[in-house]
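Chemist: Chains G and W are the protein sequences, given in the same order. The first sequence begins at 48 in this note's numbering and counts up one residue at a time. The second sequence begins at 407 in this note's numbering and counts up one residue at a time. We treat Cβ as the ideally placed atom computed from N, Cα and C, and that holds for glycine.
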Amino acid sequence: MKDEKVKVRVQHPSERVNNFSEVELGYDDEEALREANRCLQCQNPRCVKGCPVNIMIPEFIKAIRDKDLKKAYEVISKSSSLPAVCGRVCPQEKQCEAMCIKGFKSDAIAIGSLERYVADYALKNELLSTVKKEANGYKVAIVGSGPSGLTCAGDLAKEGFDVTIFEVLHKAGGVLTYGIPEFRLPKSIVLKEVEGLEKLGVKINLDVPIGNSLTISDLQKEYDFVFLGTGAGLPRFMGIEGEDSNGVFSANEILTRINLMGAYKNDSKTPIVKAKKAYVIGGGNVAMDAVRSLKRLGVDAHIMYRRSIEELPARKMEVEHAKEEGIVFDLLQNPVKILADEDNNVCGMEVVNMILGDAGEDGRRSVTEDENSKHVVDCDMVVMALGTSPNHEALKHSDIKLSDKGLIVVDDGMTSLDNVYAGGDCVSGAATVILAMEAGKKAALEIINKVNKAQ
Amino acid sequence: MMYKVLKNKKLNDSSYLMVVEAPFVVKKCLPGQFVIVMSSEDSERIPLTIYDFDREKDLVYLIYQVVGASTLELSMVKDSLFSIAGPLGNPNEICLEPEKYKDKRICYVAGGVGIAPVYPQVKYLKEHGINVDVIYGARDASLFLIRKEIEAVASKIRYATDDGSFGTKGRVTDILEKYINDYDIVVAIGPVIMMKSVCELTKQYNIKTIVSMNPIMVDGSGMCGACRCMVDGKPKFACIHGPEFDGAKVDFDLVMKRLKTYSDIEKEKFEEMKKLLTKEEK
Numbered sequence: 048m049k050d051e052k053v054k055v056r057v058q059h060p061s062e063r064v065n066n067f068s069e070v071e072l073g074y075d076d077e078e079a080l081r082e083a084n085r086c087l088q089c090q091n092p093r094c095v096k097g098c099p100v101n102i103m104i105p106e107f108i109k110a111i112r113d114k115d116l117k118k119a120y121e122v123i124s125k126s127s128s129l130p131a132v133c134g135r136v137c138p139q140e141k142q143c144e145a146m147c148i149k150g151f152k153s154d155a156i157a158i159g160s161l162e163r164y165v166a167d168y169a170l171k172n173e174l175l176s177t178v179k180k181e182a183n184g185y186k187v188a189i190v191g192s193g194p195s196g197l198t199c200a201g202d203l204a205k206e207g208f209d210v211t212i213f214e215v216l217h218k219a220g221g222v223l224t225y226g227i228p229e230f231r232l233p234k235s236i237v238l239k240e241v242e243g244l245e246k247l248g249v250k251i252n253l254d255v256p257i258g259n260s261l262t263i264s265d266l267q268k269e270y271d272f273v274f275l276g277t278g279a280g281l282p283r284f285m286g287i288e289g290e291d292s293n294g295v296f297s298a299n300e301i302l303t304r305i306n307l308m309g310a311y312k313n314d315s316k317t318p319i320v321k322a323k324k325a326y327v328i329g330g331g332n333v334a335m336d337a338v339r340s341l342k343r344l345g346v347d348a349h350i351m352y353r354r355s356i357e358e359l360p361a362r363k364m365e366v367e368h369a370k371e372e373g374i375v376f377d378l379l380q381n382p383v384k385i386l387a388d389e390d391n392n393v394c395g396m397e398v399v400n401m402i403l404g405d406a407g408e409d410g411r412r413s414v415t416e417d418e419n420s421k422h423v424v425d426c427d428m429v430v431m432a433l434g435t436s437p438n439h440e441a442l443k444h445s446d447i448k449l450s451d452k453g454l455i456v457v458d459d460g461m462t463s464l465d466n467v468y469a470g471g472d473c474v475s476g477a478a479t480v481i482l483a484m485e486a487g488k489k490a491a492l493e494i495i496n497k498v499n500k501a502q
Numbered sequence: 407m408m409y410k411v412l413k414n415k416k417l418n419d420s421s422y423l424m425v426v427e428a429p430f431v432v433k434k435c436l437p438g439q440f441v442i443v444m445s446s447e448d449s450e451r452i453p454l455t456i457y458d459f460d461r462e463k464d465l466v467y468l469i470y471q472v473v474g475a476s477t478l479e480l481s482m483v484k485d486s487l488f489s490i491a492g493p494l495g496n497p498n499e500i501c502l503e504p505e506k507y508k509d510k511r512i513c514y515v516a517g518g519v520g521i522a523p524v525y526p527q528v529k530y531l532k533e534h535g536i537n538v539d540v541i542y543g544a545r546d547a548s549l550f551l552i553r554k555e556i557e558a559v560a561s562k563i564r565y566a567t568d569d570g571s572f573g574t575k576g577r578v579t580d581i582l583e584k585y586i587n588d589y590d591i592v593v594a595i596g597p598v599i600m601m602k603s604v605c606e607l608t609k610q611y612n613i614k615t616i617v618s619m620n621p622i623m624v625d626g627s628g629m630c631g632a633c634r635c636m637v638d639g640k641p642k643f644a645c646i647h648g649p650e651f652d653g654a655k656v657d658f659d660l661v662m663k664r665l666k667t668y669s670d671i672e673k674e675k676f677e678e679m680k681k682l683l684t685k686e687e688k
């Protein structure tokens, strides 16, 4: 018999398409133990190398086996600040689980699910570490409260820094709050992480647009260090005809209305357009989040992606869940024009088939239009999930060095401005939660080292 | 977060003045910029242009019109506001560099509640040695707001009403056309249809015209793109690229169409809420 992993229980697809509650229900004690027992406890664990923050995976799995969940949590916490988040949203199949030796012959260990199991236990039993060192007298300003900012804030607060976060929205969490839907990452978890920071003494100033209110140079005057974690930026549009029709949205807008503003609730004061049939253009995690959210609002929801299923950049589990939920994948197709009626409302799309070519320098296969394949599809909503371009609002009135692509340039985490650090999507371009977290961690470490050297 | 509300007073049948303590907004805000407010935690985010500010007392002044459920809810706010984020958007370009405009003859055109964003610009320019004229239009005499305030800062003010109950009978463009040769620059803020008419007129005379857009908005920081307007054939986000644009380049018809995206839902909600309120009063 094949040595299969213990499957995570999920809400049945027919049930979950009608609600926004979490899809995966997580392991119970017995399931977690059974899965932990599959681990080979390798002497030279490859999984650790696959993890962007190098969590000592075999060690925390061993603690699960020993039924010492407190210790398991401590092991994870040494490397990760947001385990309840990362256990849920990391693309494990491309990271730790991809390296797992078991994966060659059977299923890799379900490391993500085990991480989530430990983190949820810690949240439930309030094991969040509020231990911090004595105040060291240094003040730090963090711009943005997404994964990089939260991580940087937490690591510095534990070391005794006086940390203040500035966030432009009315809720903290960045993409964890406005972007990733409730059914994938319950907001109660994000809230608990934020509360954990507040218990560490981190101050959070909401509603403050840095750049327009205080500028970076104002922050430099008042704080010893500044960390910029301002996120991915402005949603991209295709630049095709009809894109300004009513019913064409960015995925960010749809997700913000639903997640941040609660537009999926019946009594919500923020409206969302009620569509019959929607196309979400793109194949990343944001596209999956948007299309699955729309499905839950009763929309006939489609993904349109110009490459094939193999090239879909989204996390594998999300694609599988989306398929189970009845999302239609229209692959190797791309819109060339959006059609609207006389009131400017979307009524269809002109679409062209795509032909896959060879892989380019970036490893992604090229695509070309099959010009003879133009056809029209019906729809009353189009959602663009095409990535982002940098947002420089927070950088106003500063001469911070930017790359050709408009991203903030850093050297060992520090920008061209003295003692101003940056990390996450504003440095790397749109990436993952774990990479942003890693960047926040790295910047915190650089700041700590700098202070230690000075003492 | 909670912000202290010092005043939320009715100015006429549909318009209100709100005074809020908001230190982070007041620090550097300039005329032309806006804020986003939320009455309570589950309210909609409403963009409002800053009407006035007092840096010493940390106070922001807002004038808004009750046009739907969310502004109706805002009008019922008593002691505290759940959220006020700002300043957002860019300052008015004349106010940003007044010395560059010393020799220009400038006319502000305000329609209805559009006087609220016009006032701080006129006041700021006066403080910086630039005297400007104002044309202010409304449907009828009862709808004029802050007349005393605007008269105190405008060099010359001319009124227009649709029904002739005050000032010239007719539209603001009728007055503007009469005096068009007196001006080098026009700033028009008000209903989209008014800004469109002003721009059609000034285009004929090749007069630079600045307009302030107030499209549907969600986050106000560039993240969602709901507020995109076509300017010179390119999509621009009113929240971070605006809210003010060169009026000659704005596709006003499109703006008007896009503003209707939620009109059915909004109408329904407004009626529901009004019904609820009358029930409560009984």
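Could you tell me the alpha carbon to alpha carbon distance between K663 of chain W and P641 of chain W, rounded to whole angstroms?
Modeler: 15 Å
Chemist: Taking the Cβ atom as the reference point for each residue, do I301 of chain G and V249 of chain G lie within a distance shorter than 8 Å?
Modeler: no
Chemist: Among the residues of its own chain, which have a CB less than 7 Å from the CB of C630 of chain W, if the five just before and after it don't count?
Modeler: V624
Chemist: Closest to V100 of chain G by C-alpha separation, out of G:I481, G:K497, G:I494 and G:V241, would be which residue?
Modeler: G:I481
Chemist: Inspect the beta-carbon positions of K384 of chain G and I319 of chain G and report whether they are closer than 8 Å.
Modeler: no
Chemist: With DSSP collapsed to three states, give me the class of A387 of chain G.
Modeler: Strand at A387 of chain G.
Chemist: Under the three-state reduction of DSSP, which class applies to C605 of chain W: helix, strand or coil?
Modeler: helix
Chemist: Grab the span of the beta strand (DSSP E) containing L378 of chain G for me, first residue to last.
Modeler: V375 to L378
Chemist: Can you find a CB in chain W that lies within less than 8 Å of the CB of D254 of chain G?
Modeler: yes
Chemist: Applying a beta-carbon distance threshold of less than 8 Å, which residues of chain W neighbour E440 of chain G?
Modeler: S627, G628 and I646, listed in chain order.
Chemist: For A298 of chain G versus Y164 of chain G, is the C-beta distance shorter than 8 Å?
Modeler: no
Chemist: For the alpha helix (DSSP H) containing H368 of chain G, list its first residue and its last residue.
Modeler: Per DSSP, H368 of chain G belongs to the alpha helix (DSSP H) from K363 to E371.
Chemist: Is Q527 of chain W buried or exposed, if buried means 16 or more other CB atoms sit within 10 Å of its CB?
Modeler: buried
Chemist: Residues of chain W with CB under 7 Å from E300 of chain G, in chain order?
Modeler: V624, C630, G631 and A632
Chemist: Counting only the same chain and skipping the five closest in sequence on each side, list residues whose C-beta sits under 7 Å from that of K655 of chain W.
Modeler: V637 and D638
Chemist: Nearest to K575 of chain W by alpha carbon, out of W:K562, W:K602, W:M408 and W:I541?
Modeler: W:I541
Chemist: Give a yes or no on whether the minimum CB-CB distance between P282 of chain G and chain W is below 8 Å.
Modeler: yes
Chemist: Hey, quick one: how far does the alpha helix (DSSP H) through D265 of chain G stretch, first residue to last?
Modeler: I263 to E269
Chemist: Taking just the CA atoms, how far does F459 of chain W sit from K554 of chain W?
Modeler: 17 Å
Chemist: Using a 10 Å radius around the Cβ and a threshold of 16 neighbouring Cβ atoms, would you call E687 of chain W buried or exposed?
Modeler: Label assigned to E687 of chain W: exposed.
Chemist: Closer than 8 Å is the cut-off here; do at least three beta carbon pairs connect the region 662-680 of chain W with the region 486-504 of chain W?
Modeler: Contact between the region 662-680 of chain W and the region 486-504 of chain W is absent, with fewer than three C-beta pairs closer than 8 Å.
Chemist: If we ignore side chains and look at the alpha-carbon of each, how far apart do A547 of chain W and T567 of chain W end up?
Modeler: Each residue's Cα considered, the two are about 7 Å apart.
Chemist: Just to make sure I have the definition right: I need the residues of chain W whose C-beta is within less than 9 Å of the C-beta of P318 of chain G. Which are they?
Modeler: E450, T667, Y668, I671, E672 and K675
Chemist: Which same chain residues, not among the five before or five after D405 of chain G, have their C-beta less than 8 Å away from its C-beta?
Modeler: R412 and S413
Chemist: DSSP three-state call for V249 of chain G: helix, strand or coil?
Modeler: coil
Chemist: With distances taken between CB atoms, is the gap from V366 of chain G to M335 of chain G smaller than 8 Å?
Modeler: yes
Chemist: When the Cα atoms are used, what is the spatial distance from G150 of chain G to K54 of chain G?
Modeler: 15 Å
Chemist: Would you decide whether Y611 of chain W is buried or exposed? Buried here means 16 or more other CB atoms lie within 10 Å of its CB.
Modeler: Exposure of Y611 of chain W is indicated by the presence of fewer than 16 other C-beta atoms within 10 angstroms of its C-beta.
Chemist: Can you name, in chain order, every residue of its own chain whose Cβ lies under 8 Å from the Cβ of K413 of chain W, other than the five neighbours on each side?
Modeler: L423, M424 and V425
Chemist: DSSP state of R304 of chain G, grouped into three classes?
Modeler: helix
Chemist: If you follow the alpha helix (DSSP H) that E493 of chain G is in, where does it begin and where does it stop?
Modeler: V480 to A501
Chemist: Please report the residue range of the alpha helix (DSSP H) in which E533 of chain W lies.
Modeler: I521 to E533
Chemist: By DSSP, does F658 of chain W sit in helix, in strand, or in coil?
Modeler: In this structure, F658 of chain W counts as helix in the three-state DSSP scheme.
Chemist: Do the region 83-96 of chain G and the region 142-159 of chain G touch if we need at least three Cβ pairs shorter than 8 Å?
Modeler: yes
Chemist: Would you kindly check if the distance between the Cβ of Y311 of chain G and the Cβ of M396 of chain G is under 8 Å?
Modeler: no
Chemist: Against L660 of chain W, what residues of chain G qualify as contacts under a CB-to-CB distance less than 8 Å, listed in chain order?
Modeler: D291 and N391
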